[in-house]
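Have a look at the structure below before the remarks.
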Amino acid sequence: MEVDQLRYFLRVAERGNFTRAAEELMISQPALSRSIQKLEDELGQPVFERKTRSLALTDAGVLLQSRAQQILTLIEDTKAEISDDGHTGQIRVGAIPTIAPYFLPDFLRQFSAEFPEATLIVQEETTDKLLHSCTQGEIDLAILALPVPARYLEVEELFQEELLLVMPPDHPLVEKTQIRLADIKPYPFVLLDEAHCLSDNIVSFCRQRSYHPVAVEHTSQLAMVQELVSLSHGISMVPQMARDRDETNRRVYRSLSGSKPLRKIAVMWNPYRFQSQLLETFKDRLRVYTQKRKKQQK
Numbered sequence: 001m002e003v004d005q006l007r008y009f010l011r012v013a014e015r016g017n018f019t020r021a022a023e024e025l026m027i028s029q030p031a032l033s034r035s036i037q038k039l040e041d042e043l044g045q046p047v048f049e050r051k052t053r054s055l056a057l058t059d060a061g062v063l064l065q066s067r068a069q070q071i072l073t074l075i076e077d078t079k080a081e082i083s084d085d086g087h088t089g090q091i092r093v094g095a096i097p098t099i100a101p102y103f104l105p106d107f108l109r110q111f112s113a114e115f116p117e118a119t120l121i122v123q124e125e126t127t128d129k130l131l132h133s134c135t136q137g138e139i140d141l142a143i144l145a146l147p148v149p150a151r152y153l154e155v156e157e158l159f160q161e162e163l164l165l166v167m168p169p170d171h172p173l174v175e176k177t178q179i180r181l182a183d184i185k186p187y188p189f190v191l192l193d194e195a196h197c198l199s200d201n202i203v204s205f206c207r208q209r210s211y212h213p214v215a216v217e218h219t220s221q222l223a224m225v226q227e228l229v230s231l232s233h234g235i236s237m238v239p240q241m242a243r244d245r246d247e248t249n250r251r252v253y254r255s256l257s258g259s260k261p262l263r264k265i266a267v268m269w270n271p272y273r274f275q276s277q278l279l280e281t282f283k284d285r286l287r288v289y290t291q292k293r294k295k296q297q298k
């Protein structure tokens with residue numbers, strides 16, 4: 001039984017499809033099929049139940065999936081521990097789309113300048129996918145918004161940020177010196193798709209105050225939310241970090257008076273995986289960076 005066979009098996013099990021798995025592994029489908037067949041011959045029984053249009057794990061496949069993940073994790077952690085010098089190595093960082101382009105660039109630039117021999121790989125995904133990747137050891141840590149159902153994962157809050165009301169420049173509310181939640185009730189919203197937790201933050205804040213925002217449009221990118229607001233398709237709420245990056249005059253941002261909508265940003269990692277010196281340093285630098293951000297915003 002070879003390590004590559006286990007990697008191939010796990011990819012097919014995850015995708016449920018030989019063609020997609022082969023494409024991602026960058027090998028031919030016949031080569032992948034031969035590898036799985038060889039694995040099944042060695043085990044003496046099939047690991048997949050091959051249906052017309054899909055694959056399902058057999059009982060043996062379910063057991064192998066669990067063991068293969070443990071084996072590959074042990075191999076990767078052993079290699080990382082042996083080569084751990086605190087300066088070189090790879091850090092795989094995950095972040096949700098409403099954080100990655102606004103928060104990470106400056107921090108990663110500073111870290112790379114201090115540790116030029118380190119390799120930083122960024123994965124931008126939704127919360128559910130980051131939870132899966134972190135649990136499986138596919139990334140070393142993730143930066144996301146709370147709350148998260150993080151069983152067996154370590155979660156540390158970094159900071160809070162305000163969600164600001166964003167409107168087109170000619171919107172009737174722009175002239176008001178103070179905007180309350182009641183003032184925005186008559187106006188339609190532009191929100192992110194349900195897969196994004198930012199929409200949950202906004203809707204939850206409103207519902208707690210007996211108001212449910214009516215969304216006339218949904219999109220998958222925060223930048224598109226801002227553009228649609230510019231075109232007077234509706235109003236919305238966006239994180240402070242996105243407002244800080246917006247240098248145009250086609251949108252107006254306001255802080256709500258009274259109780260303000262907030263979101264909590266956290267870093268998450270798998271404590272059962274090997275934590276290299278470089279990764280621990282990365283987390284320390286992340287804490288320092290966020291503390292400086294909080295002081296600058298006061």
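Going by full-length UniProt numbering, the final residue of the sequence shown carries number 298, and the count climbs one at a time with no gaps. Note that beta-carbon positions come from the ideal geometry of N, C-alpha and C, so glycine has one too. These figures come from a predicted structure and were not determined experimentally.
Can you look up residue i in the DSSP assignment and give me helix, strand or coil?
i: Met224; result: helix
i: Arg180; result: coil
i: Leu146; result: coil
i: Gln208; result: coil
i: Met167; result: strand
i: Ile235; result: strand
i: Val214; result: coil
i: Phe274; result: coil
i: residue 300; result: No statement about residue 300 is possible, as the shown extent of the chain runs from 1 to 298 and does not include it.
i: Ile202; result: helix
i: Ser66; result: helix
i: Tyr102; result: helix
i: Thr78; result: helix
i: Pro172; result: helix
i: Ser257; result: coil
i: Ser83; result: coil
How many angstroms separate the CA atom of residue i from the CA atom of residue j?
i: His196; j: Leu6; result: 33 Å
i: Leu43; j: His87; result: 42 Å
i: Thr98; j: Met241; result: 9 Å
i: Val62; j: Ile121; result: 30 Å
i: Thr135; j: Arg273; result: 9 Å
i: Arg92; j: Gln123; result: 7 Å
i: Gln221; j: Ala145; result: 16 Å
i: Arg11; j: Ala56; result: 13 Å
i: Asp244; j: Glu227; result: 15 Å
i: Pro46; j: Ser66; result: 16 Å
i: Lys283; j: Leu164; result: 28 Å
i: Glu117; j: Leu278; result: 11 Å
i: Gly189; j: Lys295; result: According to the sequence as given, residue 189 is Phe; it is not Gly. Going from the Cα of Phe189 to the Cα of Lys295 covers about 32 Å.
i: Gln70; j: Val3; result: 12 Å
i: Gln275; j: Pro172; result: 53 Å
i: Ser210; j: Val203; result: 10 Å
i: Asp84; j: Leu198; result: 37 Å
i: Arg15; j: Phe9; result: 10 Å
i: Pro239; j: Gln37; result: 50 Å
i: Asp193; j: Thr127; result: 13 Å
i: Leu64; j: Leu39; result: 11 Å
i: Gly234; j: Phe159; result: 29 Å
i: Thr19; j: Ala31; result: 11 Å
i: Arg180; j: Ser257; result: 5 Å
i: Asp59; j: Arg53; result: 20 Å
Which residues share a DSSP beta bridge with residue i?
i: Leu141; result: Val93, Trp269
i: residue 309; result: No information on residue 309 is available, as it lies outside the stretch 1 to 298 that the chain covers here.
i: Gln123; result: Gly94
i: Thr219; result: Leu192
i: Val155; result: Met268
i: Phe48; result: Leu57
i: Glu161; result: Arg263
If you follow the alpha helix (DSSP H) that residue i is part of, which residue opens it and which one closes it?
i: Gln296; result: 277–297
i: His132; result: 127–136
i: Glu14; result: 3–15
i: Leu39; result: 29–43
i: Leu25; result: 18–25
i: Ala245; result: Residue 245 is actually Arg in this sequence, not Ala. Unbroken run through Arg245: none, as it is neither H nor E.
For the beta strand (DSSP E) that contains residue i, what are its first and last residues?
i: residue 300; result: Since the first residue of the chain shown is 1 and the last is 298, residue 300 is not available in this structure.
i: Phe115; result: Note, Phe115: premise wrong, no beta strand (DSSP E); not H, not E.
Is residue i close to chain B, meaning its C-beta is less than 8 Å from at least one C-beta of that chain?
i: Pro213; result: Reference to chain B is not applicable here, since this structure consists of a single protein chain.
Per the contact definition of three or more C-beta pairs closer than 8 Å, is the segment 145–162 in contact with the segment 265–281? yes
Decide if the segment 65–85 is in contact with the segment 18–28; the criterion is three or more beta carbon pairs, one per stretch, under 8 Å apart. no
How about the segment 127–142 and the segment 104–113: do they share at least three Cβ pairs that are nearer than 8 Å? no
Quick check: the segment 241–252 against the segment 161–174, are there 3 or more CB pairs under 8 Å? yes
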